[in-house]
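520 is the number of the first residue of the sequence shown in the numbering used here; add one for each residue after it. All residues carry an ideal CB built from backbone N, CA and C; glycine is no exception.
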Amino acid sequence: YTLATRDLEDLEDEDITILGQPFVVVDSEVRNHTGFPDVTIDFIGGAISAVLGENDKETYVVDGKEYEVEVLVISETAAKGEGSVKFRINGEITDELTDGETDVLADGTQIGIRDILATGKDIQKSIVQFYIGAYKVEFQDKNTSNTIANPGGIEVNEESIEDGNVTI
520 YTLATRDLED LEDEDITILG QPFVVVDSEV RNHTGFPDVT IDFIGGAISA VLGENDKETY
580 VVDGKEYEVE VLVISETAAK GEGSVKFRIN GEITDELTDG ETDVLADGTQ IGIRDILATG
640 KDIQKSIVQF YIGAYKVEFQ DKNTSNTIAN PGGIEVNEES IEDGNVTI
């Protein structure tokens, strides 16, 4: 094994159902270290799935509450070398987000990014596919070389599930 990080590209952007809820694989990573690969797979799902273009504004209702969502800017390049987006939601401006990232609004509602198509061209508008009322689930197996489950290898909305065990 060599020290390297790779994505599981065939898994990314695939839809999957977990406990009856639809999710999409938004990020994956295989890291080799000390001869044993780590595998991490991130999923996002949510109450509302929508697509908006740069400078577009739309109102969505999640659990009886209205959210006015405006796409402020979609950038072609970000720190990770991919597109990024900033929203204004009910007057609150989100962090700059890339594929697979989430941000928590003041009321505890999450927005999660499924995909960004940043064209950087005047003839075709940049768009973002996102979830409002989002849930992010991460599975991580730190020792894929054996069949022993990785304890604590599950995170839901950035919170570790202590009794969760993962084998990939």
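Item to check | Cutoff 7 Å; reference D526; Cβ partners in own chain excluding five residues on either side | outcome: S547 and E548
Item to check | Rounded C-alpha distance that separates I651 from T628 | outcome: 7 Å
Next on the checklist: So, does the segment 581–593 touch the segment 556–572, judging by three or more C-beta pairs under 8 Å?
Outcome noted: yes
Checklist entry - Helix, strand or coil for E528 per DSSP? => result coil
Next on the checklist: DSSP three-state label for K655, please.
Outcome noted: strand
Item to check | DSSP-derived helix/strand/coil call for D482 | outcome: Outside the modelled stretch of the chain, which goes from 520 to 687, sits residue 482, for which no answer is possible.
Next on the checklist: Here's the rule I'm using: 16 or more other beta-carbon atoms within 10 Å means buried, otherwise exposed. How should T578 be labelled?
Outcome noted: Of the residues assessed, T578 falls on the exposed side of the cut-off, its CB having fewer than 16 other CB atoms within 10 angstroms.
Checklist entry - Between D614 and D622, which are expected to be in contact by the criterion C-beta below 8 Å, what is the C-beta distance as a whole number of angstroms? => result 5 Å
Checklist entry - If you draw a straight line from the C-alpha of E620 to the C-alpha of G602, how long is it? => result 12 Å
Checklist entry - If you drop the 5 nearest sequence neighbours on each side, which residues of the same chain put their C-beta closer than 6 Å to that of V656? => result F562 and V675
Next on the checklist: Relative to the C-alpha of V580, which candidate in I560, V604, S594 and N609 has its C-alpha closest?
Outcome noted: N609
Checklist entry - Can you list, in chain order, the residues of its chain whose CB lies under 6 Å from that of A566, leaving out five sequence neighbours each side? => result V581 and G652
Checklist entry - Which partner residues of I535 appear in the DSSP bridge assignment? => result F542
Next on the checklist: In the DSSP assignment, the beta strand (DSSP E) including E589 goes from what residue to what residue?
Outcome noted: K584 to S594
Checklist entry - Among all the DSSP beta bridges, which residues are the ones paired with K603? => result For the record, residue 603 in the displayed sequence is Ser; it is not Lys. Beta-bridge pairing links S603 to S594.
Checklist entry - Roughly how many angstroms separate the alpha carbons of E595 and T638, rounded to a whole number? => result 7 Å
Item to check | Per DSSP, the bridge partner or partners of Q648 | outcome: V570 and D634
Checklist entry - Between which two residues does the beta strand (DSSP E) containing E674 stretch? => result Annotation: the continuous beta strand (DSSP E) that includes E674 extends over I673 to V675.
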